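Asker:
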Amino acid sequence: MLEAVPNVSEGRDASVIAAVGEAFASSARLLDVHSDEDHHRSVYTLVGDESGLVASLVAGAERACALIDLRRHDGVHPRVGVLDVAPIVYLRGQDADAAASAALVLAERIGEHGLPAFLYGDVGAGRRPAFFRRGGLAELERRLAAEELGPDFGPSRIDPRSGAVLVGARKPLVAYNLDLATDDVAVAKEVAAAVRESSGGLPGVQAIGLRLPRSGRVQVSMNVLDVERSPLHAVVTAVTHEAAAKGVGVAAGELVGLVPQHVLDDAAAAGIELPGVDASRALERRMAL
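Start counting the sequence shown at 2; every next residue gets the next number (the numbering used here).
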């Protein structure tokens, strides 16, 4: 049993979100769909065997490319494609090779369907999506034209309507956002810089500060890549502390997708609340239903 967490660049049109979800569910179990209008993004959580996940992800990619035009996309989340990222996730260490194998097959099949596929994570020399997203799709096109990099599968030319797909294999991560009780995006950016690993913050934490135009709030948007070294409750504590130092409170929390049960158990043992997260969001609980 493997997991896939495809991210699609559509978070507002319910009919499109549902249609893409139907395609993703064609050969795998669809456990969760998380959509955000400000990010203009939907994150789907699937589980299945290698062949089922690959078939479902290819079907979802085809449906998304037929229904979504990236040229009209205006979300705050960085992206380079209609199907922006398609990670295969191993839930047990012994399944890492199976996840890598499935990711390579998926990237090849996506390339055969005319989409440039770039590898990241365990199958991409450890690169992260940010390596390809920096500067957006226009910068990725420039880097291709300059032959600074090339797709691992598929055409070397990017269709601006559909973009590219980042295909990876990785262990589970936690995507989690905290809204701050201010409209000053500079505060969110400063807090994000303080907690992310690249700026000397918590190990395995990626964070950016964003303005959410539809809600009127600002957000610290994070990926916790290693919940063993940086438990989610420790990340929440760090963000809360950094924001408080600037006279700002945490207004709300948002879990994107699902989370391993032990993350909730560790937070409960530490006596720390995870805003916006409850027991129903545990991956194992959804899988057991």
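Quick reminder that beta carbons are idealized off the backbone N, C-alpha and C, glycines included. Remember, it's a predicted structure, so these values are computed and weren't measured experimentally.
1. Measuring CB to CB, does glycine 61 end up less than 8 angstroms from proline 130?
2. Please report how far the alpha carbon of aspartate 75 lies from the alpha carbon of glycine 82, in whole angstroms.
3. For the alpha helix (DSSP H) containing arginine 218, name the first residue and the last one.
4. Determine the closest residue to alanine 253 out of Gln220, Gly136, Val17, with distance taken between C-alpha atoms.
5. What span of residues does the alpha helix (DSSP H) with leucine 107 cover, start to end?
6. What does a CB cutoff of less than 8 angstroms around glutamate 191 pick up in its chain, not counting 5 residues either side in sequence?
7. I'd like to know whether the C-beta atoms of arginine 171 and glycine 122 end up nearer to each other than 8 angstroms.
8. Let me check understanding here. Comparing Cα to Cα, which of Ala20, His41, Tyr177 lies closest to leucine 31?
9. Starting from the Cα of serine 231, find the closest Cα among Tyr45, Phe119, Gly202 and give me that residue.
10. Kindly provide the ranges of any beta strand (DSSP E) runs that are 3 or more residues long and lie completely inside the stretch 152-194, ordered along the chain.
11. May I ask you to check if the CB of valine 257 is nearer than 7 angstroms to at least one heavy atom of the ligand NAP?
12. Taking the beta strand (DSSP E) that valine 90 falls in, what are its first and last residues?
13. Please state if the CB of leucine 167 and the CB of phenylalanine 133 are separated by a distance shorter than 8 angstroms.
14. Just to confirm before moving on: does the CB-CB distance between alanine 155 and alanine 118 stay below 8 angstroms?
15. Would the beta-carbon of isoleucine 89 fall within 8 angstroms of that of leucine 68?
16. Excluding the 5 residues preceding and the 5 following isoleucine 159 in the sequence, name in chain order all residues of the same chain whose CB lies nearer than 6 angstroms to its CB.
17. Note the first and the last residue of the continuous beta strand (DSSP E) segment covering arginine 13.
18. Going by alpha carbons, who is nearest to alanine 235 out of Val206, Arg218, Val257, Gly217?
19. Would valine 240 pass as a contact of valine 260 if the rule is Cβ separation under 8 angstroms?
Answerer: Working from what's here:
1. At the C-beta level, glycine 61 and proline 130 stay beyond 8 angstroms of one another.
2. The alpha-carbon of aspartate 75 is positioned some 13 angstroms away from that of glycine 82.
3. It is not in any alpha helix (DSSP H) - arginine 218 instead sits in the beta strand (DSSP E) that spans 218-225.
4. Cα-wise, what sits closest to alanine 253 is Gln220.
5. Segment 97-113, the alpha helix (DSSP H) holding leucine 107.
6. Only residues of its own chain outside the window of five on either side were considered, and among them Gly210, Glu243, Lys247 have a CB closer than 8 angstroms to the CB of glutamate 191, listed in chain order.
7. Yes.
8. Nearest of Ala20, His41, Tyr177 to leucine 31, Cα basis: Ala20.
9. Scanning Tyr45, Phe119, Gly202 for the CA closest to the CA of serine 231 turns up Gly202.
10. Every beta strand (DSSP E) of 3 residues or more that sits fully in the stretch 152-194 is shown, in chain order, as 166-171, 175-181.
11. With respect to the ligand NAP, the structure shown offers nothing to examine, as it has no ligands at all.
12. Taken as a continuous stretch (DSSP letters only), the beta strand (DSSP E) holding valine 90 covers 84-91.
13. For phenylalanine 133 and leucine 167, yes; Cβs fall inside 8 angstroms.
14. Checking the sequence shown, residue 155 turns out to be glycine, not alanine. Their beta carbons are under 8 angstroms apart, which means glycine 155 touches alanine 118 by this criterion.
15. In this structure, leucine 68 does not lie closer than 8 angstroms to isoleucine 89 by Cβ.
16. Exclusion of the five residues before and after isoleucine 159 leaves Pro117, Glu142, Ala165 as the residues of its chain whose Cβ lies within less than 6 angstroms of its Cβ.
17. Per DSSP, arginine 13 lies in no beta strand (DSSP E) and is assigned neither H nor E.
18. Residue Val206 is the option with its Cα nearest to alanine 235.
19. If you check the CB distance, valine 240 and valine 260 do not come in under 8 angstroms.
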